[in-house]
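In full-length UniProt numbering, the protein residues as written are 1 to 128.
These notes are about the structure you will find just below.
This is how it looks when you write it as structure tokens:
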């Protein structure tokens, strides 16, 4: 929906850019928590399609996801659980040592901030 709003306004935008709009960033990797969650989900869904070394003969889209998940510590040498824990730790790590609520952080707060920002940017009213 966000991509479509940008297109209708003559401003094409990539999915990766959408996931960074109004999103909190992981201080270590510089990636948005939304992008990390999306990368981990893509890893989980498509891991059987990847080569064993995550390098040989990967498609451009696979290479993009692999680069992202490696940035948060995932690797072909680790098992599924350890790789997914890398993503969870990247999303929940904070500088004040307080764990963040994963669903609230990744989905609800981001969605709310993004909706408010888009309303202002595209001069949208809440009701038709």
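C-beta: ideal position from N, C-alpha, C; glycine also.
In this text, all values refer to a predicted model and were calculated from it rather than measured experimentally.
- Item | Host alpha helix (DSSP H) of residue 40 (start-end) | 33-46
- Going by other Cβ atoms of all chains shown within 10 Å of its Cβ, with 16 needed for buried, is residue 33 buried or exposed? buried
- Helix, strand or coil at residue 21 [DSSP, three-state]: coil
- Item | Under 9 angstroms between C-beta atoms of residue 214 and residue 68 | For residue 214 there is no data in the structure shown, the boundaries of the chain being 1 and 128.
- Item | Cβ-based burial, residue 107 [other Cβ within 10 Å; buried from 16] | exposed
- Query: When you compare each of 62, 38, 37 to residue 49 by their alpha carbons, which one comes out closest?
  - Reply: 62
- Query: Helix, strand or coil: how does DSSP classify residue 123 here?
  - Reply: coil
- Query: Apart from the five residues on each side of it in sequence, which residues of its chain come closer than 6 angstroms, Cβ to Cβ, to residue 73?
  - Reply: 86
- Item | Selected residue, minimal CA-CA separation from residue 24, among 71, 7, 110 | 110
- Going along the chain, which residues of its own chain have a beta-carbon closer than 8 angstroms to the beta-carbon of residue 122, five neighbours each way excluded? 5, 9
- Item | Span separating the alpha-carbon of residue 131 from that of residue 71 | Past the edges of the chain, shown from 1 to 128, lies residue 131, and the structure says nothing about it.
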